[in-house]
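The sequence shown runs 1 to 231 under my numbering. Accompanying notes for the structure given below.
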Amino acid sequence: MNPDLSAAKIPSELECATWFRVKSKREVNLEIERLKSEGVTSLKLGIECTKFNTKNGLKWYDWLVPTLAKNFNLELCFDNFSSERIKTSYRKHSFSEIVEHFILRHGQYFNLIELWRNPSIRQKEEMFENIFTEDVVFTATWAQYHGKKVGLGGIQTVDFEWITKLISSHFLNTIEYLQLDMESEDEWSRNSKFYEKALQGLFSAKGVNTRIKTSETPTLVLQPSTKNIAC
Numbered sequence: 001m002n003p004d005l006s007a008a009k010i011p012s013e014l015e016c017a018t019w020f021r022v023k024s025k026r027e028v029n030l031e032i033e034r035l036k037s038e039g040v041t042s043l044k045l046g047i048e049c050t051k052f053n054t055k056n057g058l059k060w061y062d063w064l065v066p067t068l069a070k071n072f073n074l075e076l077c078f079d080n081f082s083s084e085r086i087k088t089s090y091r092k093h094s095f096s097e098i099v100e101h102f103i104l105r106h107g108q109y110f111n112l113i114e115l116w117r118n119p120s121i122r123q124k125e126e127m128f129e130n131i132f133t134e135d136v137v138f139t140a141t142w143a144q145y146h147g148k149k150v151g152l153g154g155i156q157t158v159d160f161e162w163i164t165k166l167i168s169s170h171f172l173n174t175i176e177y178l179q180l181d182m183e184s185e186d187e188w189s190r191n192s193k194f195y196e197k198a199l200q201g202l203f204s205a206k207g208v209n210t211r212i213k214t215s216e217t218p219t220l221v222l223q224p225s226t227k228n229i230a231c
């Protein structure tokens, strides 16, 4: 039976990222009031890196983060979809530069960030000999240097070998959690429990204390945002 999303109760802390359209201040203010009326006190804000690199992106997020921070405890989630091409005459900031901007400009509003691995790396089947040269690992290390806690999101079954490298490099123990992506792969719902247990067994054997997070609740669409909440 499919769950009735309209009747789903929104928890006080949203485990999934919420995405807002650029230049939609009125919609943001309406959404703030709606979430507050539902009793939401903590919010995971999705940062679209491709949108940040557009004409109005930086200015938009510099308004959005403090505005939301007045009403919610924030965690920031960076999608790292830099493979998407957007025509722009503006300087393109790297993943680490974008995250650094938020930490230096708005770091007082959050203590934890979630970083996603660039999906183009999976498509190329690229594996870095030095794991710290991959942008998500380098950025996580840099964020930790600035005193922020880091989680890794969008983890898929194809990332298993990558995760073993994170363990052998002693990097994974510095990460707060792994968020498993339960919606992006074929037959993922059938294999997710097996994958989760496999990771738990591996972590236990290697003495890794990083938490494994999954989403067992249906995806909620928070209007008026045009992008679904993505766990």
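Built from N, CA and C at the ideal position, the CB exists for glycine as well. Since we're looking at a predicted model, the values are computed, not measured.
So is residue i buried or exposed if we call it buried at 16+ other beta carbons inside 10 Å?
i      : result
GLY154 : buried
ALA198 : exposed
TYR145 : exposed
PHE160 : exposed
ASN29  : exposed
GLU84  : Reliability fails at GLU84, whose pLDDT of 47 lies under 50, so the model's placement of it is uncertain and no value is given.
So for residue i, helix, strand or coil by DSSP?
i      : result
GLY57  : helix
GLU75  : strand
PHE20  : coil
LYS213 : strand
PRO3   : Low per-residue confidence applies at PRO3: pLDDT is 36, beneath 50, and the placement is therefore not dependable, though the value from the model is reported in the following sentence. In the structure shown, PRO3 sits in coil (DSSP, three-state: anything other than H, G, I, E or B).
GLY206 : At residue 206 the sequence reads Lys, which differs from the Gly that was named. LYS206 falls in the helix class under three-state DSSP.
GLY39  : coil
ILE167 : helix
GLN179 : strand
LYS92  : coil
Report the CB separation of residue i from residue j in whole angstroms; it is logged as a contact under 8 angstroms.
i      : j      : result
PHE72  : TYR61  : Not a contact, Cβ separation roughly 15 angstroms.
THR18  : LEU43  : 6 angstroms
ASN80  : LEU115 : 7 angstroms
SER96  : TRP142 : 6 angstroms
LEU202 : ILE175 : Actually they are not in contact, since the Cβ atoms of LEU202 and ILE175 sit about 14 angstroms apart, beyond 8 angstroms.
Give me the DSSP bridge partner(s) of residue i.
i      : result
GLU114 : CYS77 and GLY151
TYR109 : Beta-bridge pairing links TYR109 to no other residue.
ILE131 : DSSP, once it has assigned bridges, lists no residue as partnering ILE131.
Taking CB distances under 7 angstroms as the criterion, tell me whether residue i reaches chain B.
i      : result
ALA205 : Given the protein chain composition of this structure (a single chain), no chain B is represented.
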